[in-house]
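Data block below; observations after.
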Amino acid sequence: MRPGGEPARFGVIRRFEQLDSTNRVVLELAGEGAAEGVVVVADHQTAGRGRRGRTWSAPPGSALLASVLLRPPVDPEDAHIVAMAVALAATDACLDVVGMRPRLKWPNDLVAPHGEEKLAGILGELVLVGGRLVAMVVGMGLNVGRAAATVPGAASLEDLARLPVDREILLASWLGHLEVRYAQVLGPDGPRRVLASYRRHCATLGRDVRIELDHGSFEGRAADVTEAGHLVVDTDAGRREVTAADVVHLRPGA
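Under this note's numbering, the residues of the sequence shown are numbered 78 to 331, in order.
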């Protein structure tokens, strides 16, 4: 329940043992007219979606796999703020449950507080009608159990916290914090407040990075994240603004 006895926005949770993709199911629900706040959770995904057309996978029962349906009254070009809020809520939940806040790697990955290991990925997908945003589906895959960190460069909450983590408790905490972060998005001066929080917890800012584009790459220092959600990188040839790319954090001297 919200303060004042109002029902929680994210109170409808649909659980599945196995799905191809939680995002796909929520996109279908959005097309059927489902109300904002529906949450789909799966123990296992066979075709989980990642950024830039990639797949995402983890052994059954080892990760928190969830997608939420949102219908934010924002323009499509401002939808990135919603995805930022979802990612921030995930860091809030980790802090609550295991006493450790992951950092954010641009645009919306969660990484270890004192390392580069990836803990989670966030994927937002938009539903547009006539150029207007009518729905947004945001999915998260968060490595919880040790078995989830099966690929190089990955880590799990249990690895880092050195204690068992209950996925249901983590889910409840995430949705509770998402209530707060999403309300912030919709409130007065909300996008700027969310962006300020994002910048504060972003591990990419101030780092030397390699930006890997579809056709080529370049290196520089990550200087800022704009109100449009773009990454600003200072290079020897001048300042560049990145809208979509893979970012590699470079080690000093690399």
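Virtual Cβ for every residue (Gly too), placed ideally from N, Cα, C.
> Considering only C-alpha positions, which residue in the set V215, E194, T312 is nearest to R228?
Replying inline: The displayed chain sequence assigns Val, not Arg, to residue 228. When only C-alpha atoms are compared, the closest one is E194.
>> Going by the DSSP bridge assignment, what does D186 pair with across the sheet?
In response: The secondary-structure analysis by DSSP pairs D186 across a beta bridge with K182.
>> Going by DSSP in three states, L250 sits in which element: helix, strand or coil?
In response: With the sequence shown as reference, residue 250 is identified as Ser, and Leu is not the correct amino acid for it. It is helical.
> Taking C-alpha atoms, which residue in L234, G218, A135 lies nearest to G176?
Replying inline: Nearest C-alpha to G176: L234.
> What residues in its chain sit with their C-beta under 7 Å from that of R123, if we drop five residues either side in the sequence?
Replying inline: A small fix is needed here, since residue 123 is Thr in this sequence, not Arg. Excluding sequence neighbours, T123 sits near Q95, D97.
> What residues match up with D311 in a beta bridge as DSSP calls it?
Replying inline: R298, R316
> Alpha carbon to alpha carbon, what distance is there between G230 and V221?
Replying inline: 15 Å
> Would you report the Cα separation of T303 and V89, rounded to the nearest angstrom?
Replying inline: 34 Å
> Which partner residues of N220 appear in the DSSP bridge assignment?
Replying inline: Answer by DSSP bridge pairing, in chain order: A140.
> Tell me the DSSP bridge mates of L205?
Replying inline: L210
> How would you label L263, buried or exposed, when you count the other beta carbons within 10 angstroms and need 16 or more for buried?
Replying inline: L263 should be labelled exposed.
>> Taking the alpha helix (DSSP H) that R270 belongs to, which residues open and close that run?
In response: 267-278
>> Assuming the contact rule is C-beta atoms closer than 8 Å, G218 and A135 should be a hit. Round their C-beta distance to whole Å, please.
In response: With 8 Å as the limit, G218 and A135 qualify as a contact, their Cβ atoms being about 7 Å apart.
> For the 8 Å Cβ check, are there 3 or more pairs between the region 180-198 and the region 148-168?
Replying inline: yes
>> Suppose the cutoff is 6 Å on Cβ atoms and the five residues either side in sequence are ignored; what does the same chain contact list for L282 look like?
In response: The residues are A299.
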